[in-house]
Amino acid sequence: MGDAAGEPGTLWDTCGEGIIYDADSFLAGAAARRIADSLAGCPLLDETDHSEREHAAMVEEIEGSPLTLPDGVDGEDVLRELSCPSLGEITMTMVEDALSGLGYTACSDCDEWLTPRDARTGEPLCRDCALNESCPPVQGTAPTLTGGSGWTTGEPLVAALAPYLDGYAARQGAAYREDVRAIVRGSA
């Protein structure tokens, strides 16, 4: 507006962001100052403030989603992985894709995110789901292991799976359903 009005003179003046008023009128000057004061905190006029607020709202939107983020990952990490998201339009699929891009994969049975360290295919499981997968079927009598004690039907094979879960699975980042099933078959 200043370019259209020309150089400041006795007939006009500026106040705040682009407010031009008749400098010869006391009422126009007072109105211009009231308008400038009321617009001073408006985030749309302060693009940096608006961007920061929008960014914080998107981080809050991601962190408030029903999806549980992995340990050590926050909404900022996910937001950096997304390309040009808009506030209110971030979907669960977008967050899941971002987590995949960060190197995480979801447990096949629950919502926990795992960090596989190799390109292995299969169904990754978190520790709890691997133990649940190891529960022997509830049918017939429980087999007796060498040493006289048998399984208690329906309980996970913690003793048989512990070395796998604590060692091999820790190195590869996840337990895999096919390995758990093989351990259960071998333990039977």
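Numbering of the sequence shown is given in our numbering, commencing with residue 63 and proceeding in unit increments. We put the CB at the ideal spot given by N, CA and C, even for glycine.
Sub-8 Å separation of residue i and residue j beta-carbons
i: Ile124; j: Val135; result: no
i: Glu143; j: Ala160; result: yes
i: Pro132; j: Tyr83; result: no
i: Ser196; j: Leu219; result: yes
i: Ala192; j: Ala222; result: no
i: Thr177; j: Gly235; result: yes
i: Ile81; j: Ala92; result: no
Cβ shell of residue i (< 8 Å), same chain only, five flanking positions each side left out
i: Thr130; result: Asp173, Glu174, Trp175
i: Met156; result: Leu144, Pro147
i: Ile245; result: Ser196, Leu219, Ala222, Leu223, Tyr226
i: Glu158; result: Leu129, Ala168
Terminal residues of the beta strand (DSSP E) in which residue i lies
i: Asp84; result: 81-84
7 Å Cβ shell around residue i - same chain, five flanking residues per side excluded
i: Glu116; result: Leu149
i: Val121; result: Gly137, Glu138, Leu141
i: Arg239; result: Ser170, Gly184, Glu185, Leu187, Glu195
Limits of the alpha helix (DSSP H) - the one that residue i falls within
i: Ala236; result: Looking at the DSSP string, Ala236 is not in any alpha helix (DSSP H), and its letter there is neither H nor E.
i: Glu116; result: 109-125
i: Ser100; result: 88-101
i: Glu195; result: 189-195
i: Leu219; result: No alpha helix (DSSP H) holds Leu219; DSSP gives it neither H nor E.
Nonlocal neighbours in the same chain, by C-beta distance under 6 Å from residue i, ignoring five residues either side
i: Val242; result: Ala192, Glu195, Ser196
Distance between beta carbons of residue j and residue i, contact taken as under 8 Å
i: Ser127; j: Met154; result: 6 Å
Taking the runs of the alpha helix (DSSP H) that are 4 residues or longer, which of them lie wholly in the segment 129-180?
The DSSP assignment places 137-143, 154-163 as complete runs of the alpha helix (DSSP H) inside the segment 129-180, in order along the chain (cut-off: 4 residues).
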